[in-house]
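Peer 1:
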Amino acid sequence: RLHPRCGTSFMLIVVLFAILIFACVDSLFPLVFGHTQSLFERFATHFAVLPFIAGTSFELLKVSGKKRNAPLVRLLSTPGLWLQRITTREPDDDQLEVALYALRRALNEEVEANPSC
């Protein structure tokens, strides 16, 4: 049920990283361009930086999955795992049955006729 590379953990990383990066971009804009951002400029810069945020967040998530036993990674992954406790639950028997059926079909294994699926 809990996994360091879950989408919930990814969303948490994206939100936290976006807050940090957007704050830096918004603070540096007047220094670089000499004026404060208009609303349009702010949307445009945030939109332009968004792929960087998503890509970097995804790479951080991949590292957290590969090095999940490292003490620092475990510490940084903990909030995402806590959030997963809120957003996920154990599958019931019907869900497990459908998942096993789909897995067998995907692996091209012989599937017994089951009218409930």
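In my numbering, each residue's number is its place in the sequence shown (first place is 1) plus 2.
Even for Gly, the Cβ is constructed at its ideal location relative to N, Cα and C.
Going by other Cβ atoms of all chains shown within 10 Å of its Cβ, with 16 needed for buried, is F12 buried or exposed?
Peer 2: Taking the first residue of the sequence shown as position 1, residue 12 is located at position 10. It counts as buried.
Peer 1: In its own chain, which residues sit with a C-beta less than 8 Å from the C-beta of L98, not counting the 5 before and 5 after it?
Peer 2: For the purposes of this step, residue 98 is taken as the residue at position 96 of the sequence shown. So no residue of the chain qualifies.
Peer 1: DSSP three-state label for L109, please.
Peer 2: The residue you call residue 109 lines up with position 107 of the sequence shown. Coil, per DSSP.
Peer 1: Report buried or exposed for I15, applying the criterion of at least 16 other Cβ atoms within 10 angstroms of its Cβ.
Peer 2: Position 13 of the sequence shown, counting from 1, holds the residue named residue 15. Answer is buried; the Cβ neighbour count reaches 16.
Peer 1: State the DSSP-derived secondary structure class of C26, mapped to helix, strand or coil.
Peer 2: Reading the sequence shown from its first residue, position 24 is the one you call residue 26. It is helical.
Peer 1: Are there 16 or more other CB atoms within 10 angstroms of the CB of P32, so buried, or fewer, so exposed?
Peer 2: Residue mapping note: residue 32 aligns to position 30 of the sequence shown, counting from 1. By the 10 Å Cβ count, P32 comes out exposed.
Peer 1: What are the boundary residues of the alpha helix (DSSP H) that H48 is part of?
Peer 2: Within the sequence shown, residue 48 is the residue found at index 46, counting from 1. H48 -> alpha helix (DSSP H) spans 41–68.
Peer 1: Any idea if C8 is buried or exposed, counting beta-carbon neighbours within 10 angstroms, 16 or more meaning buried?
Peer 2: Walking along the sequence shown from the start, residue 8 turns up at place 6. Counting Cβ neighbours within 10 Å, C8 comes out buried, since at least 16 surround it.
Peer 1: What first and last residue would you give for the alpha helix (DSSP H) that runs through G82?
Peer 2: As a working mapping, residue 82 is identified with position 80 in the sequence shown. Run containing G82: 73–89, per the alpha helix (DSSP H) assignment.
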